[in-house]
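The structure appears below as structure tokens.
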Amino acid sequence: MNTELPRGQSVCEDFPRFGLIQYAHRFPGETEHVRLRISGDGLDTEELDDPLAGLPRVAQVSDFHCVTTWSHRALRWSGVRFADFYAHSIAPRLAPGSQVTTVVLRGQDGYRTTLPLEDLLAADVLLADSLDGKPLCIEHGAPLRVVAPAHYGYKSLKHVSRMEFCEGVPKVRPAALAFMDHSRARVEFEERGRWLPGWLLRHVYRLMIRPTAALFARAMTRHAASSSTRR
Ligand SMILES: Nc1nc2c(c(=O)[nH]1)N[C@H]1C(S)=C(S)[C@@H](COP(=O)(O)O)O[C@H]1N2
Ligand SMILES: [Mo]
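So in numbering that gives the first Met the number 0, spot 162 of the sequence shown is number 161, and the numbers just go up one at a time.
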């Protein structure tokens with residue numbers, strides 16, 4: 000595997016549970032069974048039960064790049080290619096003539112992001128339900144997450160529960176502050192955020208790694224303790 004990391008990134012040996020601090024204490028209600036609500040322009044709203052069933056499975060090894068500059072190398076995911084899911088489950092349901100350009104992804108924890116459909120159709124974008132040969136754990140997105148290695152981690156949405164297929168660019172309130180939310184967030188072009196250059200954001204974001212990872216770990220410990228006493 001290529002040993003060079005993208006600009007501004009450094010190797011992180013851990014793969015921390017991570018995200019925007021306001022989501023640290025939010026957890027999915029359902030971690031085993033996948034249910035996905037689809038809706039959009041030219042698409043009836045529908046609840047798909049076990050949406051990966053019957054689709055070709057793929058395994059993939061890819062690096063994960065968080066916008067705050069940590070990268071974890073060679074993660075072993077498996078699941079279904081987004082492109083296969085789209086071709087099988089979305090395209091045939093669309094009204095004739097619909098021109099989907101943007102997909103809104105929403106997680107059970109209320110987190111949300113958007114990506115151009117074209118980016119999601121790339122061959123390395125997965126709907127992953129497994130990491131390291133095991134079912135996806137809560138830390139990393141159970142029961143289903145997006146894995147989009149060419150984009151910063153904030154586009155790899157965990158605990159996916161809803162997808163909206165839109166014509167044009169929908170008005171979605173960003174989960175983060177607006178300046179942090181790039182419409183594509185491609186790692187190769189260091190599209191860390193909107194308006195401000197990537198190299199500038201790097202320095203600010205780097206300071207957030209330790210406290211954020213610590214907060215997410217503490218929240219996970221507390222959640223695990225409270226769910227085991229409830230059982
Ligand atoms: N649902 C949801 N997805 C999310 C986030 C989140 O807080 N909630 N955080 C994003 C960010 S900023 C990163 S870096 C990755 C972290 O993935 P990990 O927790 O598996 O390391 O998840 C992304 N997807
Ligand atoms: Mo991130």
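Positions of the beta carbon are idealized from the N, C-alpha and C atoms, including for glycine.
Please read all numbers here as calculations on a predicted model, not as lab measurements.
- When secondary structure is reduced to three states using DSSP, W76 falls in the strand class.
- Scanning L116, G78 and V124 for the CA closest to the CA of G53 turns up G78.
- Look at P91 here: in three-state DSSP terms it is helix.
- Pairwise C-beta distances place the stretch 80-88 in contact with the stretch 50-64, as three or more of them are shorter than 8 Å.
- Bridge pairing for V102: L114 and F164 [DSSP].
- DSSP places E29 in the coil class of the three-state scheme, outside both helix and strand.
- Nearest C-alpha to R92 among T68, R183 and E46: E46.
- Placement of the Cβ of V66 at a distance of less than 6 Å from at least one heavy atom of ligand 2 is found.
- Counting the other Cβ atoms within 10 Å of the Cβ of R217 gives fewer than 16, which makes it exposed.
- Note: R185 is bridge-paired with H150 in the DSSP secondary-structure output.
- Excluding the 5 residues flanking it on each side, R75 has same chain C-beta neighbours closer than 6 Å at V60 and D131, in chain order.
- Distance between M219 and S38, taken at the CA atoms: about 31 Å.
- By the neighbour-count definition (other C-beta atoms within 10 Å, threshold 16), L35 is a buried residue.
- Around the beta carbon of D49, fewer than 16 other beta carbons lie within 10 angstroms, which makes this residue exposed.
- No Cβ-Cβ contact shorter than 7 Å links F178 with R191.
- Our two residues, P95 and D40, have alpha carbons roughly 11 Å apart in a direct line.
- Ligand 1 approaches H139 closely enough that one of its heavy atoms is under 6 Å from the residue's Cβ.
- The beta carbon of G7 sits no closer than 6 Å to any heavy atom of ligand 2.
- The distance from the Cβ of T101 to that of P148 is about 20 Å, inconsistent with a contact at the 8 Å cut-off.
- Between Q107 and A141, the alpha-carbon positions lie close to 10 Å from each other.
- Checking the 6 Å criterion, the Cβ of S160 is out of range of every heavy atom belonging to ligand 1.
- Membership of H202 in the alpha helix (DSSP H) is indicated by the continuous run G197 to R205.
- Across the set H139, R209 and C11, the C-alpha of H139 shows the shortest separation from the C-alpha of Y153.
- Per DSSP, D128 is not a residue of any alpha helix (DSSP H); the beta strand (DSSP E) it occupies stretches across L125 to L130.
- A residue is called buried when at least 16 other Cβ atoms come within 10 angstroms of its Cβ; F215 meets this threshold and is buried.
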